[in-house]
Amino acid sequence: MLDLDQEIVGVYDLNKETMQNVSSEYNLTEFESIDHVITAKPDCILVATIHSELYEISKKIITSGINLFIEKPGVVNLHQAKDLYQLALKERVHVGVGFNHRFHPAIVEAKKITDQKQIGKILYIRASYGHGGRLGMQNEWRCDKNLSGGGQLIDQGSHLIDLTSYFLGEINYQFSHINTYFWDTDVEDNVFLALSDKTGAFSWLHASWTEWKNRFTFEIFCKHGKLFITGLGKSYGEEKLLVYKMKPELGPPDYQEFTFPEEDGSWRDEIKCYIDNIEQPRFEGSENNRSNVGSLDDLIQLHQIIDSVYQNNLIEK
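Here UniProt numbering is used: the first residue of the sequence shown is 1, the next is one more, and so on.
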């Protein structure tokens with residue numbers, strides 16, 4: 001499974017049919033509960049549930065001294081994120097947070113270019129991410145604030161916030177607007193968000209559930225050029241990175257186009273990186289915990305921004 005060179009020992013899911021299908025396909029043990037998983041004392045546990053369940057499950061795993069990989073958004077508010085950080089520090093366990101977009105090949109290549117300042121320092125970022133939903137989506141758990149913690153901000157918007165932080169470092173909330181334009185739900189279906197870093201680099205983000213044709217774009221404008229990322233594969237279109245380099249005389253830039261038609265391997269690469277971290281002498285909060293995998297520090301920053309958006313906006317309907 002995922003070619004991880006690791007033994008996956010078992011699976012637990014409230015949906016018994018789903019659990020049985022996975023266990024039979026990969027010859028895994030079927031656990032009866034989260035407590036049953038913990039008593040097996042694995043090296044790490046991967047958790048992907050509806051958002052409202054993530055915190056309590058994660059808390060139980062961390063206090064048991066077991067390493068944890070938790071899918072984004074990890075928790076539903078800032079208080080929970082800070083609490084998990086302190087628990088992980090106390091128990092000296094490594095907690096990874098699932099921001100798999102960091103491991104998409106176009107993002108990986110763009111990060112190399114910006115880290116090496118091949119086209120100068122970052123001036124600003126402009127990004128858009130969204131889809132048009134599906135029939136009956138308003139009845140799904142993602143549209144129930146008690147289960148999801150919020151709407152498109154916490155869903156796909158969290159990826160855009162994390163990627164901004166990934167490229168800029170520490171970021172701060174500037175202003176935002178959320179609204180429910182189309183879906184009959186008490187959560188937002190659109191978010192417009194402005195962020196900045198300490199140098200003044202600016203980021204303008206839009207995440208939408210009314211993007212009628214699936215879309216992902218991430219543009220990084222630098223002093224001497226621009227990086228344009230589009231697509232994530234499948235319904236979002238072929239993943240591409242265009243690198244534009246300005247000439248001394250300005251005018252039309254030189255550019256290179258890189259395409260990544262292969263199947264999405266971001267989750268596999270993310271988990272491999274996380275496993276490598278577990279095998280190193282690191283723990284959450286330590287100074288040498290530096291990795292491309294999302295951390296609880298990243299989770300705290302994410303929810304500081306998400307909380308700021310919700311505190312500064314009322315949904316208009």
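All C-beta atoms, glycine included, are put in the ideal place defined by N, C-alpha and C. Since the model is a prediction, treat every value here as computed from it, not as a measurement.
Self-check item: Secondary structure of Phe283, DSSP reduced to three states
Solution: Since pLDDT at Phe283 reaches only 49, below the 50 mark, its modelled position is unreliable, and the value read off the structure follows with that caveat. Correct three-state label for Phe283: coil.
Quiz item: Between Thr49 and Ser33, what straight-line distance do the alpha-carbon atoms span, to the nearest angstrom?
Solution: 14 Å
Quiz item: Which partner residues of Gln256 appear in the DSSP bridge assignment?
Solution: Val243
Quiz item: Who are residue 323's beta bridge partners in DSSP?
Solution: This structure cannot speak to residue 323, because the chain is shown only from 1 to 317.
Practice problem: Compute the distance between the beta-carbons of Val37 and Leu68, then report whether it is under 8 Å. | Solution: no
Quiz item: With distances taken between CB atoms, is the gap from Asn172 to Ser196 smaller than 8 Å?
Solution: yes
Quiz item: Where Phe283 and His94 are concerned, what is the direct C-alpha to C-alpha distance, given to the nearest angstrom?
Solution: Low per-residue confidence applies at Phe283: pLDDT is 49, beneath 50, and the placement is therefore not dependable, though the value from the model is reported in the following sentence. Straight-line Cα distance between these residues: approximately 5 Å.
Quiz item: Based on the DSSP output, what are the partners of Gly294 in its beta bridges?
Solution: Val97
Quiz item: In terms of alpha-carbon separation, which member of Phe202, Glu270, Glu30 and Gly96 lies closest to Asp3?
Solution: Glu270
Quiz prompt | Where Thr217 sits in the DSSP three-state scheme | solution = strand
Quiz item: DSSP beta-bridge partners for Gly130?
Solution: Ser208 and Arg215
Practice problem: Rounded to whole angstroms, what's the CA-CA distance from Ile8 to Ile122? Just pull it up for me. | Solution: 41 Å
Self-check item: Whole-Å CB distance - Gly133 paired with Trp204, under 8 Å assumed
Solution: Not really, about 23 Å apart at Cβ, beyond 8 Å.
Practice problem: Within the same chain, show all residues whose beta-carbon is closer than 7 Å to that of His104, passing over the 5 residues directly before and after it, in chain order. | Solution: Leu232, Glu239 and Ser266
Quiz prompt | Per DSSP, cross-strand counterpart(s) of Ala25 | solution = Position check: residue 25 holds Glu in this sequence, whereas Ala was assumed. DSSP output for Glu25 lists no bridge partner at all.
Quiz prompt | Where the alpha helix (DSSP H) through Val47 begins and ends | solution = Element bounds for Val47: not the alpha helix (DSSP H) but the beta strand (DSSP E), Cys44 to Val47.
Practice problem: Between the Cα of Gly200 and those of Phe228, Tyr244, Tyr124 and Asp264, spot the shortest distance and give me the residue it belongs to. | Solution: Tyr124
Quiz item: Going straight from the alpha carbon of Leu242 to that of Pro73, what length do you get?
Solution: 29 Å
Practice problem: Report the three-state DSSP secondary structure of Gly149 (helix, strand or coil). | Solution: coil
Exercise. My understanding is that Ser158 touches Asn313, with C-beta atoms under 8 Å, so please give their C-beta distance in whole angstroms.
Key: Going by Cβ atoms, the distance from Ser158 to Asn313 rounds to 16 Å, so no, they are not a contact pair.
Exercise. Determine the DSSP secondary structure at Thr185, reduced to helix, strand or coil.
Key: coil
Practice problem: Return the CA-CA distance between Gly130 and Gln156, expressed in angstroms with no decimal places. | Solution: 7 Å
Self-check item: Identity of the residue in Gln174, Ser52, Lys234 and Asn179 nearest Pro261 by Cα
Solution: Lys234
Quiz prompt | Gly74 in three-state terms, based on DSSP | solution = coil
Self-check item: Same chain, Cβ closer than 7 Å to Trp141, five either side skipped, listed in chain order
Solution: Ile50, Leu147 and Ser148
Quiz prompt | Residue burial classification, Ala40 (beta-carbon count within 10 angstroms, cutoff 16) | solution = exposed
Practice problem: Helix, strand or coil for Ser58, going by three-state DSSP, please let me know. | Solution: helix
Exercise. Classify Glu30 as helix, strand or coil using the three-state DSSP reduction.
Key: strand
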